[in-house]
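Here is the structure we will look at, set down as structure tokens.
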Amino acid sequence: MATTACQSVATASFGLLKPRRNSAPSGSYGGTLWSPAPGFRPSSPCPGCAAQQLTTTSFLSRDLSSRFQVQSVREVQSTARSNQQLGVVMADWNAQVDWKEATITDAKKAGDLLTSLWVDVREIDGLTAGYTIPGQYIQMKVGDSKPAYIALASSPKESQSGILEVLIRDNGGTSELLSNLSKGDKLFVSAVAGKGFNIDLIAPPSDFPTVLIFATGSGISPIRSLIENGFEADKRKDVRLYYGAFRSSAMAFQERFKSWEESGVRVIPVFSEPPGKDGFVGFVQEKYRKDPPIADPATTGAVLVGQKEMCQELIEMLTEQGIARERILMNF
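According to UniProt numbering, the sequence shown is numbered sequentially starting from 1.
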């Protein structure tokens with residue numbers, strides 16, 4: 001991210017995790033949270049920038065299939081030693097945050113260990129004005145808890161009402177506190193930040209009739225924002241959303257799939273746990289390989305939300321097919 005300060009924040013999820021035999025179930029498809037706290041010092045996100053100690057609060061939670069080579073957040077902390085390993089949006093660690101109090105207007109279960117929160121920020125001057133691009137994030141905390149960095153699920157257009165929706169993956173710590181909030185509860189929020197998805201790079205739709213979207217777990221949150229803010233999917237010929245989750249019950253926003261399909265986005269569920277009666281069992285990139293090839297790489301764009309290794313492998317795959325690297329969008 002081109003910025004004037006060292007930046008690092010989590011948005012989006014995991015993705016392509018390597019198979020491992022005989023490993024105990026742990027982890028999860030995704031998350032949208034990081035919290036600064038003692039115990040985990042990542043490598044500095046940019047040269048010359050001092051890294052602040054962190055601990056994850058909603059990446060790689062408890063119920064990942066034994067197919068994946070991640071045992072726990074503790075193992076990730078001890079082996080990865082880098083926030084880049086988990087797929088993060090860059091944010092300024094050293095910037096002072098101007099915290100403002102907000103109110104929960106509603107809270108609902110969105111899937112296994114997933115909670116949707118609606119946050120009233122109408123009394124906070126200028127907050128929604130800063131949310132202009134799908135894929136941006138906000139910091140949240142409860143009381144004196146460590147801050148969590150969360151990609152916004154509601155679109156910029158929708159959020160101008162002053163109500164923000166976020167998707168929380170409960171993995172303890174701050175994410176658990178947020179997941180346990182209910183209507184009327186208070187929390188603290190920051191200004192909206194992050195670069196989001198530069199949709200101008202895959203516009204106009206007549207020049208880029210094919211768009212491939214890959215998201216896993218709670219990484220669907222910024223994708224919901226992208227789809228519902230509108231990127232003219234109905235004017236394109238082939239828009240596919242490969243959405244990976246542990247199982248069907250761990251898949252958020254299913255009630256929106258029909259409207260997404262009607263808007264021109266073909267939703268393709270991918271599950272890691274059999275039986276996958278309503279979707280492909282495996283990895284999102286495996287499903288993509290099995291599907292009909294794209295018509296023309298030169299007129300194809302892609303959007304990726306996931307763990308670093310997933311994004312890197314998909315970027316390699318897509319560029320080998322001839323898709324230009326600058327047409328492969330991420331929000332970090």
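Note that the Cβ used here is the ideal one computed from N, Cα and C, for glycine as well.
Among the options, the one whose alpha carbon lies nearest that of residue i
| i | options | result |
| --- | --- | --- |
| I223 | E158, D200, G135, S263 | G135 |
| K146 | E176, I163, I124 | E176 |
| W118 | K141, Y137, K183 | K183 |
| E123 | D106, Q160, Y149 | Q160 |
| residue 375 | L212, D98, P204 | Because the chain in this structure spans residues 1 to 332, residue 375 falls outside the shown range and cannot be described. |
| A215 | M310, A324, L164, K141 | M310 |
| I213 | P274, E320, S206, G244 | G244 |
| V265 | R256, D291, F197, I199 | R256 |
| V303 | L318, D278, D106, I138 | L318 |
| G194 | V281, D125, Q139, D112 | Q139 |
| G219 | E232, T299, V305 | V305 |
| L127 | A151, L241, D144, L164 | L164 |
| N229 | R236, W260, A107 | W260 |
| L169 | L113, P204, K186 | It is Arg, not Leu, that sits at residue 169 in the sequence shown. For the residues L113, P204, K186, the minimum Cα distance to R169 belongs to L113. |
| F155 | I133, Y242, D238 | Strictly speaking, residue 155 in this sequence is Ser, with Phe absent from that position. For S155, the nearest C-alpha among the options comes from I133. |
| R289 | K258, Q321, V267, S225 | Q321 |
| M262 | D296, I227, V281 | Before going further, note that residue 262 is Glu rather than Met in the sequence given. Ranking D296, I227, V281 by Cα distance to E262 puts I227 first. |
| S221 | G196, V281, L167 | L167 |
| V211 | I104, A295, A129 | A295 |
| S225 | D106, I323, F197 | F197 |
| A153 | G173, S272, G217, T174 | G217 |
| F231 | D200, G279, Q312 | D200 |
Continuous alpha helix (DSSP H) stretch holding residue i: start and end
| i | result |
| --- | --- |
| E320 | 308-320 |
| T174 | 173-179 |
| A257 | The sequence shown places Phe at residue 257, not Ala. Segment 257-262, the alpha helix (DSSP H) holding F257. |
Residue i classed as buried or exposed, judged by whether at least 16 other C-beta atoms fall within 10 angstroms
| i | result |
| --- | --- |
| A110 | buried |
| N331 | buried |
| Q285 | buried |
| S249 | exposed |
| N171 | buried |
| F246 | buried |
| Q307 | buried |
| A102 | buried |
| G143 | exposed |
| P293 | exposed |
| S206 | exposed |
| Q53 | Because Q53 carries a pLDDT of 31, less than 50, the predicted location of this residue cannot be relied on, and no value is offered for it. |
| K186 | exposed |
| K258 | exposed |
| A233 | buried |
| S43 | Residue placement at S43 is flagged as unreliable, the pLDDT there being 27, under the threshold of 50; a coordinate-derived value is accordingly withheld. |
| E316 | exposed |
For residue i, the first and last residue of its enclosing beta strand (DSSP E)
| i | result |
| --- | --- |
| R240 | 238-245 |
| K290 | Taken as a continuous stretch (DSSP letters only), K290 belongs to no beta strand (DSSP E), being part of the alpha helix (DSSP H) at 284-290. |
| K235 | Run containing K235: none; DSSP gives neither H nor E here. |
| V189 | 186-189 |
| F271 | 266-271 |
| V305 | 300-305 |
Beta carbon proximity, residue i to chain C, threshold 7 Å
| i | result |
| --- | --- |
| K237 | The chain inventory of the structure shown lacks chain C, comprising one protein chain alone. |
Integer Cβ distance of residue i from residue j, believed to fall under 8 Å
| i | j | result |
| --- | --- | --- |
| P209 | R240 | With 8 Å as the limit, P209 and R240 do not qualify as a contact, their Cβ atoms being about 12 Å apart. |
| A327 | T300 | Sequence inspection shows Arg at residue 327; the Ala mentioned does not correspond to that position. About 7 Å; that satisfies the 8 Å criterion. |
| A151 | Y137 | 5 Å |
| A148 | K157 | A148 to K157, Cβ: 25 Å. No contact. |
| F283 | V270 | 7 Å |
| I202 | L314 | At roughly 16 Å, the Cβ-Cβ gap does not stay under 8 Å, so I202 and L314 are not in contact. |
| T105 | S179 | Not confirmed; about 16 Å, so no contact. |
| I297 | I323 | Before going on, a small fix: residue 297 reads as Pro here, not Ile. The pair is a contact, with the Cβ atoms about 5 Å apart (cut-off 8 Å). |
| K100 | V189 | 6 Å |
| G173 | V121 | Actually they are not in contact, since the Cβ atoms of G173 and V121 sit about 23 Å apart, beyond 8 Å. |
Self-check item: Whole beta strand (DSSP E) elements within the segment 104-168, 3-residue minimum
Solution: Correct list: 114-120, 137-141, 148-151.
Quiz prompt | Residue ranges of each beta strand (DSSP E) within the segment 196-230, 3 or longer | solution = Listed in chain order, the complete beta strand (DSSP E) runs (minimum 3 residues) inside the segment 196-230 are 210-216.
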